[in-house]
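Engineer: Numbering (UniProt numbering), first residue to last: 1 to 744.
Note that the Cβ used here is the ideal one computed from N, Cα and C, for glycine as well.
#1: Considering just the uninterrupted stretch of the beta strand (DSSP E) at residue 392, what are its terminal residues?
#2: Leaving out five residues before and five after residue 580 in sequence, what residues of the same chain have Cβ atoms less than 8 Å from its Cβ?
#3: Mind listing, in chain order, the continuous alpha helix (DSSP H) runs of no fewer than 4 residues lying wholly within the region 463-516?
#4: Is it buried or exposed for residue 449, if we count other Cβ within 10 angstroms and need 16 for buried?
#5: Identify the residues that DSSP records as bridge partners of residue 296: which are they?
#6: Span of the alpha helix (DSSP H) holding residue 225?
#7: Where does residue 395 land, buried or exposed, given buried means 16+ other C-beta within 10 angstroms?
#8: Do the region 109-117 and the region 350-366 touch if we need at least three Cβ pairs shorter than 8 Å?
#9: Relative to the alpha-carbon of residue 162, which residue among 304, 185, 234, 194 has its alpha-carbon at the smallest distance?
#10: What residue range does the alpha helix (DSSP H) around residue 200 cover?
#11: Tell me the DSSP secondary structure of residue 77 in three-state form.
#12: DSSP three-state label for residue 615, please.
#13: Could you check what DSSP says for residue 183 in three-state terms: helix, strand or coil?
#14: For the candidate residues 93, 351, 146, whose alpha-carbon lies nearest to that of residue 122?
#15: Taking DSSP's pairing of strands, which residues face residue 382 in a bridge?
#16: When you compare only the Cα positions, how much space is there between residue 282 and residue 170?
#17: Quick one: what's got a C-beta closer than 6 Å to residue 209's C-beta in the same chain, skipping five residues either side?
#18: Starting from the C-beta of residue 71, find all residues in its chain whose C-beta is less than 6 Å away, skip the five residues before and the five after it, and write them out in chain order.
#19: From this set, 576, 655, 81, 725, which residue's C-alpha is nearest residue 716's C-alpha?
#20: I need the straight-line Cα distance from residue 701 to residue 178, nearest angstrom please.
#21: Exposed or buried, which one is residue 32 when buried takes at least 16 other CB atoms within 10 Å?
#22: Check whether the Cβ atoms of residue 105 and residue 371 lie closer than 8 Å to each other.
#23: Could you tell me the boundaries of the beta strand (DSSP E) in which residue 69 lies?
#24: Report buried or exposed for residue 466, applying the criterion of at least 16 other Cβ atoms within 10 angstroms of its Cβ.
#25: So does the region 384-393 actually touch the region 145-162, counting three or more Cβ pairs closer than 8 Å?
#26: I'd like to check one pair, residue 318 with residue 789: are the Cβ atoms closer than 8 Å?
#27: To the nearest angstrom, how far is the alpha carbon of residue 432 from that of residue 393?
#28: With three or more C-beta pairs closer than 8 Å as the rule, is the region 650-670 touching the region 599-606?
#29: Alpha carbon to alpha carbon, how far is residue 66 from residue 242?
#30: Taking residue 438 and residue 472 to be in contact with their CB atoms under 8 Å, please state how far apart those CB atoms are, rounded to whole angstroms.
#31: Determine whether the beta carbon atoms of residue 309 and residue 237 lie at a separation below 8 Å.
#32: Look at residue 125 and residue 213 and say whether their C-beta atoms are less than 8 Å apart.
#33: CB residue 427 to CB residue 480, shorter than 8 Å?
#34: Determine which residues share a DSSP beta bridge with residue 565 and list them.
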């Protein structure tokens, strides 16, 4: 992240363990070989009930996890990937962060509160080094609690003929930072040929490095687009991550025009976006490297998570104050707000950030953490024979775990079911004949005969294999409601339903913030993309809907579609069975802080579950068909966290199961009827949104995709509102070599 730009307001709403980790094969990135102290900081002490995981120790083994973060600037992970970044570091797994640029900006390392900023000289190599020092201190705090913990600095060659800096935390050598030191764009929105974006678009053939003050790297280098991609592939080959975190490859455009640029290359022209151009381009390079790596690796495929950058600052704040303060505290360490000594004349941190992260110009970034993919409320569903089938994206491909028999609680697999460069979570529809249909979003990277774009895809079940697992012979492109490739990069993630007559409807957020749909009888013979009418009470035909849709069919056969915006929850509903949903009356519900989930209840009623902005508290609201209006029906006990609240009906009446992430990154689940039962906790580090369903016996089931790439589930001990959840159970992982570890 570069220094905070002026706000773009066009959307703004009113016990230690010790481990020895293997040295990675070949040269380059080295894993830790010394004992590591694992610290047990938690964001806050939250009220806990029975813990289905069987205690406070996480179920996922740190030795089976490895995390790779790809960022553009030194502070990007601290602003946009926390609290998950710190939680994974504290968990004891290997963590490597690659920073692509030096973040030298204008070279002016001065506080926004400085009384005499002109008295501080501009020095880009020194500022780049100061930002490195600040990042090391913040990561040392996350890993050991001590900002002064020493680092070992060396030179690494990831590509023949190129050098980069490798920093290894001495007290926790499984924790490393890599700095490629490329020149940054030095502008948030102004087009620059000499930038990551210019390199990606071909406006420049090479991008130079800028050697920070005191670097052990011996000279300046010039990277081509392919060389930068291959460098990241080399990191992936050595780290063998189970989770890859990047910035946002699908930035949302602003209504404002981009500032004029002296660079006239037509490839640089285009829209202005909310995010920093370096953030977006860094995510493109990460995607290209992942595509190359996933096609050749023999190791387990990785979970990939993309985090919003500056756009999070113009959306409702979605983390609670405790989490925001912790993020701000780490950013203050990075920003040298404590005036500590580090014995480096270049400086000990980024004074542009220090002391301003919570209430300054960048405060809205600190108060939010959002994934580009909002998560699916429908990735675990019963197959025709009653067995639950769970789907996840690993390495850009869809995988399926299937219960060994209905209600057994044991899942076999995962079996690959195809797909390429899929993003986010799978949305699964169960058609009236019991067959399953999958929906996902995918990226098409630019190539000789392909434009860079995104599209929706679907795969319909065609029978089962010899073990009764569903088969999906092929994926079909549904295209994009925005045919222009550049606009298609902004489409959202699908929500879909099947009506009693067998017609399948899929909905998605469009480039202009409206909702588009396609329909197909039996999940085939699709109609053309059309836009739904905008909600009642809006002056625009295309309101600024935020991604995070969900849909359901009620007991009367009517389709309900819900979507968050920067102000409230919007609702569409069919007038009659078989019709498309139309805008319903304004809900009047509180401002959402993320995706909205909807479930059908008895008598044509529906219920939504979502987080309130600012507090992250889980809210439940109901709409009775005869009454027609929405009412806030319950508020769950605060547990913090962010992201989608998974919800599904269980049994008859209005009983349902909820699952959500809490401030510690754990899973919280509860049964809810008139009022929610107390939360139960599962200590399973996981990716994206939990999944919930009812099994063949009638028990509620909660599922998550662990950060080791395995499926984990917990189910009720018996049928009923008051039944507790069993201990969590891990299931088989995707084929491929495990990350090898040596332990002491």
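Structural biologist: This is what the structure holds:
#1: 388-394
#2: 505, 517, 519, 532, 559, 574
#3: 485-488
#4: exposed
#5: Answer is none; residue 296 lacks a bridge partner.
#6: 225-239
#7: buried
#8: yes
#9: 234
#10: 196-201
#11: helix
#12: coil
#13: coil
#14: 351
#15: 388
#16: 28 Å
#17: 181, 182, 220, 221
#18: 77, 99
#19: 725
#20: 41 Å
#21: Legend: pLDDT at residue 32 = 33, less than 50; position of this residue unreliable, value from coordinates given subsequently. The residue in question, residue 32, is buried, as its Cβ has 16 or more Cβ neighbours within 10 Å.
#22: no
#23: 66-71
#24: exposed
#25: no
#26: Absent from the structure is residue 789, since the part of the chain shown begins at 1 and ends at 744.
#27: 25 Å
#28: yes
#29: 5 Å
#30: 6 Å
#31: no
#32: yes
#33: no
#34: 545
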